[in-house]
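Each residue of the sequence shown is one higher than the one before, starting from 23 at the first, in the numbering used here. Ideal Cβ positions, reconstructed from N, Cα and C, are used throughout, including at glycine.
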Amino acid sequence: MAFAGTYNISINTPMGKQEGTLTLAEDGGLTGTMAAMGDSVDIKNGAVNGDTATWAVDVTKPMPLTLEFEGKKDGDNLSGSVKLGAFGASTFEATPA
23 MAFAGTYNIS INTPMGKQEG TLTLAEDGGL TGTMAAMGDS VDIKNGAVNG
73 DTATWAVDVT KPMPLTLEFE GKKDGDNLSG SVKLGAFGAS TFEATPA
């Protein structure tokens, strides 16, 4: 399953929906960037295992924490779960940009 591409991502958080841009590339693993709130960060620990992609990002806004994603493709869209550090877990959706 190909995950490479640029997506508009929406993350459900305790502070409401947070939106940004997710760019993924597959090159023996999963790499890319996520941009939101004026910042852009590299994804880390990216991997693809069958039909599931996992990755993490360290964000500083609205507060410093690590977001850990696990997603699957549904057509061109990507959705799944995200761990919000000490704030538990939630969901995200991403559509092609």
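Cβ atoms of T35 and L106 come within 8 Å of each other, at about 6 Å. Around the Cβ of G42, a 10 Å sphere holds 16 or more other Cβ atoms; the residue is buried.
Taking 8 Å as the upper bound for CB-CB distance, Y29 and L89 are not in contact here, some 15 Å apart.
Partner residues in a beta bridge of N67, as assigned by DSSP, do not exist.
Going by beta carbons, F109 and V70 fall outside the 8 Å limit.
DSSP places G102 in the strand class (E or B) of the three-state scheme. Per DSSP, A119 has no beta bridge partner at all.
Under the DSSP assignment, G27 falls in the beta strand (DSSP E) whose first and last residues are G27 to T35. Closest option to L46, judged by alpha-carbon separation, among D64, D96, M59 and G72: D64.
CA-CA distance, D98 to D73, rounds to 13 Å.
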